[in-house]
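Notes follow once the structure below has been shown.
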Amino acid sequence: MPMRHAQRKHIIHSLSSLLYQLHTVSFLLSPRLWPLLCRIATQFQFSRPRDIDSQRSLRFWFILVVLVNLQSFYNHIFKGPAEGRSIILDFVGIAHKPSKVFLLSLDSLIVFLEFILIIIAYETSFVLASPPDTSDPLLPHPIPPSSALSLTLGDPDTKPLDSTSAAYNDEPEYIVDIRLGPLLRRLRNPPTPPPPQQNNPSDELLPLPNTTSFQLSQSLNMLARARARMRERAARAADNQRTDQSAGESDRTRERQSGEPREERTVPGGLREEGEDGS
Numbered sequence: 219m220p221m222r223h224a225q226r227k228h229i230i231h232s233l234s235s236l237l238y239q240l241h242t243v244s245f246l247l248s249p250r251l252w253p254l255l256c257r258i259a260t261q262f263q264f265s266r267p268r269d270i271d272s273q274r275s276l277r278f279w280f281i282l283v284v285l286v287n288l289q290s291f292y293n294h295i296f297k298g299p300a301e302g303r304s305i306i307l308d309f310v311g312i313a314h315k316p317s318k319v320f321l322l323s324l325d326s327l328i329v330f331l332e333f334i335l336i337i338i339a340y341e342t343s344f345v346l347a348s349p350p351d352t353s354d355p356l357l358p359h360p361i362p363p364s365s366a367l368s369l370t371l372g373d374p375d376t377k378p379l380d381s382t383s384a385a386y387n388d389e390p391e392y393i394v395d396i397r398l399g400p401l402l403r404r405l406r407n408p409p410t411p412p413p414p415q416q417n418n419p420s421d422e423l424l425p426l427p428n429t430t431s432f433q434l435s436q437s438l439n440m441l442a443r444a445r446a447r448m449r450e451r452a453a454r455a456a457d458n459q460r461t462d463q464s465a466g467e468s469d470r471t472r473e474r475q476s477g478e479p480r481e482e483r484t485v486p487g488g489l490r491e492e493g494e495d496g497s
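So the sequence shown is numbered by my numbering: it starts at 219 and just counts up by one.
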């Protein structure tokens, strides 16, 4: 599954890059600025439809593709290729004026590739956000055993069933298998989108006052907890130091009240001054 997902992401990236180039070619053949800006602005969304809005269905994105390209179709059908409006300095130019059929074919190719791009991007993201038991509509149907048996029995020159099954199992799986029937069913009856993933608030929220209710990253939480532990250690050390100082002051106060001279002690191994040993 991770390998197939990475391969599909590569297909999405390749189709998106190809569509950007086709938009540029269409603009150079018929230089109209607004259709180019609309196509480029929406092409980024077509490559990641559910990242923009996860609650929209596949039918919504199909309608959006048609609306975005409707202006180009209208201009190429009723007005033909634009001339003398290009903002790009073209010193070579083209030998002849492009025909309406060529421009409409290019627009149809762009719409078709955008449909393919949206199908792959939408279904890949939909399956990734769904529960593990959700079927992938882009996977090919497995070959039923009855068809494999009929292929084996129909031709006497074929290999035995075990080798045929092994050959089918050894064949690489398709990365994407777009079938018209399931696609039309999903367009007519869109499935319920999976709920958005919610993070555990106890793992993401820092226990700060009510004025800071926003979510912080895990690294900031770890840093804040480490600083809190350091402050607690410093506070405990300060409390212990104050306790020792208060205990020493209470001992000196009791000695002054009793009037007994305090016995001076020397450090073990230290030298005593003369006259202190009574000689």
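Positions of the beta carbon are idealized from the N, C-alpha and C atoms, including for glycine.
Worksheet entry | Cβ contact (3+ pairs, closer than 8 Å) linking the segment 278–285 and the segment 314–326 | At 8 Å Cβ cutoff, the stretches do not touch.
Practice prompt. Would you kindly work out how many angstroms separate the C-alpha atoms of R226 and D354, rounded to a whole number?
Written response: CA-CA distance, R226 to D354, rounds to 13 Å.
Discussion item. Going by DSSP in three states, N407 sits in which element: helix, strand or coil?
Written reply: N407: coil per DSSP, three-state reduction.
Discussion item. Judging by CA-CA distance, which residue of D462, P349, S232 is the nearest neighbour of I334?
Written reply: Closest by alpha carbon: S232.
Practice prompt. Go through its chain and collect everything with a Cβ distance to T260's Cβ below 6 Å, but skip five positions before and after it.
Written response: These residues qualify, in order along the chain: V286.
Worksheet item: DSSP on F432, reduced to helix/strand/coil?
Response: For F432, the pLDDT reaches just 46, beneath the cut-off of 50, and the residue's location in the model is therefore unreliable, leaving the point undetermined.
Practice prompt. Could you tell me whether the segment 246–266 touches the segment 387–407, using the rule of 3 or more Cβ pairs below 8 Å?
Written response: The answer is no - the segment 387–407 does not touch the segment 246–266, with fewer than three Cβ pairs under 8 Å.
Worksheet item: Which of the three DSSP states, helix, strand or coil, is assigned to E341?
Response: Helix at E341.
Worksheet item: Counting pairs of beta carbons, one from the segment 261–277 and one from the segment 287–300, are three or more of them closer than 8 Å?
Response: Segments in contact, no.
Discussion item. Rounded to whole angstroms, what is the Cα-Cα separation between P249 and P350?
Written reply: Whole-angstrom Cα-Cα distance: 48 Å.
Worksheet entry | Of the residues S275, G298, D462, K297, the one placed nearest N407, counting alpha carbons only | For N407, the closest of S275, G298, D462, K297 by C-alpha to C-alpha distance is S275.
Practice prompt. Could you tell me whether the Cβ atoms of I338 and I270 are closer together than 9 Å?
Written response: When the beta-carbon positions are compared, I338 and I270 stay at least 9 Å from each other.
Worksheet item: Is P409 near Q273, with beta carbons less than 9 Å apart?
Response: At the C-beta level, P409 and Q273 stay beyond 9 Å of one another.
Worksheet item: To the nearest whole angstrom, what separates the beta carbons of I328 and P267, a pair I think is in contact under 8 Å?
Response: Not really, about 17 Å apart at Cβ, beyond 8 Å.
Fill in: Backbone secondary structure at T352 - three-state DSSP
DSSP places T352 in coil when its eight states are reduced to three.
Fill in: Beta-carbon spacing of L247, L322 below 9 Å
Not a contact, by the Cβ cut-off of 9 Å.
Item to complete: Taking only the alpha-carbon atoms, compute the straight-line gap between T461 and A347 and give it to the nearest angstrom.
Response: A straight line joining the alpha-carbon of T461 with that of A347 spans about 59 Å.
Worksheet item: Taking the alpha helix (DSSP H) that F291 falls in, what are its first and last residues?
Response: For F291, the enclosing alpha helix (DSSP H) starts and ends at 276–292.
Discussion item. Let me make sure I understand the geometry here. Which of W252, L331, T342 has the alpha-carbon closest to that of A300?
Written reply: Nearest C-alpha to A300: W252.
Worksheet entry | Same chain, Cβ closer than 6 Å to P400, five either side skipped, listed in chain order | So the list reads P355, once near-sequence residues are dropped.
Worksheet item: Using the rule of at least 16 other Cβ atoms within 10 Å of the residue's Cβ for burial, across every protein chain shown, is S343 buried or exposed?
Response: S343 should be labelled buried.
Discussion item. Any beta carbon of chain D sitting closer than 9 Å to that of A455?
Written reply: Although the question refers to chain D, the structure presented lacks it and comprises just one protein chain.
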